[in-house]
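Engineer:
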Amino acid sequence: METTRRDALGLMGGVAAAAAMGGPAMAQGARNLGSKTKTLFWVASCTPCDKNLKFDPAAFKDVLAWFKHNGADGIVVLGTTGEYPSFSMAERKQVMEVAGKNKDGMNIICSSGTSNFPETIELSKHAADHGAEGLLVIPPFYYKKPALAGLVKYYSLLFDAVPQSLAVNLYHIPSNSAVPISHELLKALKHYPNLAGIKDSEEDMPEYKQFVADFPDLNMRTGTDTKLEFALSKGMGAILAEGNLFCRQIADMFAAFRAGKDSHAAFMKFQTQQALMRKLGGEIDSYGPMKYALSQQMGVPQFYQRPPNLDVTDAQKAAIRKGLAQIKEMG
Numbered sequence: 054m055e056t057t058r059r060d061a062l063g064l065m066g067g068v069a070a071a072a073a074m075g076g077p078a079m080a081q082g083a084r085n086l087g088s089k090t091k092t093l094f095w096v097a098s099c100t101p102c103d104k105n106l107k108f109d110p111a112a113f114k115d116v117l118a119w120f121k122h123n124g125a126d127g128i129v130v131l132g133t134t135g136e137y138p139s140f141s142m143a144e145r146k147q148v149m150e151v152a153g154k155n156k157d158g159m160n161i162i163c164s165s166g167t168s169n170f171p172e173t174i175e176l177s178k179h180a181a182d183h184g185a186e187g188l189l190v191i192p193p194f195y196y197k198k199p200a201l202a203g204l205v206k207y208y209s210l211l212f213d214a215v216p217q218s219l220a221v222n223l224y225h226i227p228s229n230s231a232v233p234i235s236h237e238l239l240k241a242l243k244h245y246p247n248l249a250g251i252k253d254s255e256e257d258m259p260e261y262k263q264f265v266a267d268f269p270d271l272n273m274r275t276g277t278d279t280k281l282e283f284a285l286s287k288g289m290g291a292i293l294a295e296g297n298l299f300c301r302q303i304a305d306m307f308a309a310f311r312a313g314k315d316s317h318a319a320f321m322k323f324q325t326q327q328a329l330m331r332k333l334g335g336e337i338d339s340y341g342p343m344k345y346a347l348s349q350q351m352g353v354p355q356f357y358q359r360p361p362n363l364d365v366t367d368a369q370k371a372a373i374r375k376g377l378a379q380i381k382e383m384g
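Sequential numbering from 54 applies to the sequence shown in our numbering.
#1: Is the segment 235 to 253 touching the segment 264 to 281 in the sense that three or more CB pairs, one from each, lie closer than 8 Å?
#2: Using 8 Å for Cβ pairs, my map puts Gly153 next to Gly184. What's the rounded Cβ distance?
#3: When burial is assigned at 16 or more other CB atoms within 10 Å of the CB, is His225 buried or exposed?
#4: Distance check for Lys114 and Gln147, CA to CA, integer angstroms please.
#5: Could you tell me which uninterrupted alpha helix (DSSP H) segments, each at least 4 residues in length, are contained entirely in the segment 82 to 134, listed from first to last along the chain?
#6: Taking Ile128 as the reference, which of Val215, Gly276 and Leu329 has the closest Cα?
#7: Quick one: using the 10 Å Cβ neighbour count with 16 as the cut-off for buried, is Ser228 buried or exposed?
#8: Using CA coordinates, which residue listed in Leu285, Glu336, Asp157 and Leu363 is at the minimum distance from Lys375?
#9: Please report how far the alpha carbon of Gln379 lies from the alpha carbon of Gly250, in whole angstroms.
#10: May I ask you to verify whether the segment 305 to 324 touches the segment 358 to 376, counting CB pairs closer than 8 Å and requiring at least 3?
#11: Counting only the same chain and skipping the five closest in sequence on each side, list residues whose C-beta sits under 8 Å from that of Val215.
#12: Mind checking Glu295: buried by the 16 CB within 10 Å criterion, or exposed?
#13: Helix, strand or coil, according to DSSP, for Val190 in the structure here?
#14: If you follow the beta strand (DSSP E) that Met289 is part of, which residue opens it and which one closes it?
#15: Along the beta strand (DSSP E) that carries Arg274, what are the first and last residues, could you check?
#16: Excluding sequence positions up to five away, which residues of its chain have a Cβ less than 8 Å from the Cβ of Ser286?
#17: Counting beta carbon pairs with one atom in the segment 161 to 168 and one in the segment 322 to 330, are three or more of them shorter than 8 Å?
#18: Where Asn105 and Asp278 are concerned, what is the direct C-alpha to C-alpha distance, given to the nearest angstrom?
#19: Would you decide whether Leu363 is buried or exposed? Buried here means 16 or more other CB atoms lie within 10 Å of its CB.
#20: What do you get for Asp109, buried or exposed, if any count of 16 or more other CB atoms within 10 angstroms of its CB means buried?
#21: How would you call Thr56, buried or exposed, if buried means at least 16 neighbouring beta carbons within 10 angstroms?
#22: Nearest CA to the CA of Glu118: which residue from Ser348, Asn85 and Val365?
#23: Could you give the uninterrupted runs of the alpha helix (DSSP H) lying entirely in the segment 210 to 240, keeping only those of 4 residues or more?
This is how it looks when you write it as structure tokens:
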């Protein structure tokens, strides 16, 4: 039956094929979102390397403990911020294994996508075996404007290969992948009970609002802080690279929201401190400066990243230290 479904999707394509072959409707409450509530804060974690550009397991263990201590509900391993294209298959497995062993109650989403489905499936199954509650899967990239039917088949192969206990999130970041996650694609895959939602890393607020309106039962996580307050107002979660530097500030916002308190004050504190860091010229949105700022906050030796991403400069280091000192004074 599963082979027939995949073949039909490949031949028929589009939403009509998925609807025709989708099988019986799910029972109420059967969808696996990968977490007990949608309104969680995941840090899009960096992946620390040592001076020799090797993955540093001990440093990553400390990073995980830092995020846990500062209120993160979960982390995303090896996403864009985690530099997944810079690591081999074996290294990606090692990173996931360290995360799984040291998650300490945090919810782990593993970014397992590649440009080919065999490796994506291999990494996804490995993540399931090593403590991940969910996946974040970028669409297959390189080929220009893949057809909807082709994307449906790609993701269907993944869904059919992984256990339904593993929540699957699609990664909408066309500014990097050049392949958007469309509403039609989500509709075509929605019959899978472990389709949990997306991470929307674009700055398009109208599009994000439409995602939330069209798929209120999924977790349409924002990947940008500009959409954060709207996401919370609709009960959605967030996966944020900004959590590497502002983990406590963002965690406080989520904690306030879940407690029924005003979360706007915490949001404005985060925004003010982020604006200060950017104004000082530390380039904290770049890999080298971001990792340096995190290591400075933690009081540990500098973390490194792989080329083509550049090391932090001395001028950036000075700006970051100045900014962190001012933030500490702000409390």
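A virtual CB, placed ideally from N, CA and C, is assigned to each residue, including glycine. Since the structure is predicted, the reported quantities are computational estimates derived from the model, not experimental observations.
Structural biologist: Taking the coordinates as given:
#1: yes
#2: 3 Å
#3: buried
#4: 12 Å
#5: 110 to 122
#6: Gly276
#7: exposed
#8: Glu336
#9: 38 Å
#10: no
#11: Ile174, Ser177, Lys178, Ala181, Leu188, Val221 and Asn247
#12: buried
#13: strand
#14: Counting along the chain, Met289 falls outside any beta strand (DSSP E), and DSSP gives it neither H nor E.
#15: Asn272 to Thr275
#16: none
#17: no
#18: 33 Å
#19: exposed
#20: buried
#21: Note that Thr56 scores a pLDDT of 32, beneath 50, so its modelled location is shaky; the value from the coordinates is reported in the next line. With fewer than 16 Cβ atoms within 10 Å of its Cβ, Thr56 is classed as exposed.
#22: Rather than Glu, the amino acid found at residue 118 in this sequence is Ala. Ranking the options by Cα distance to Ala118, first place goes to Ser348.
#23: 227 to 230
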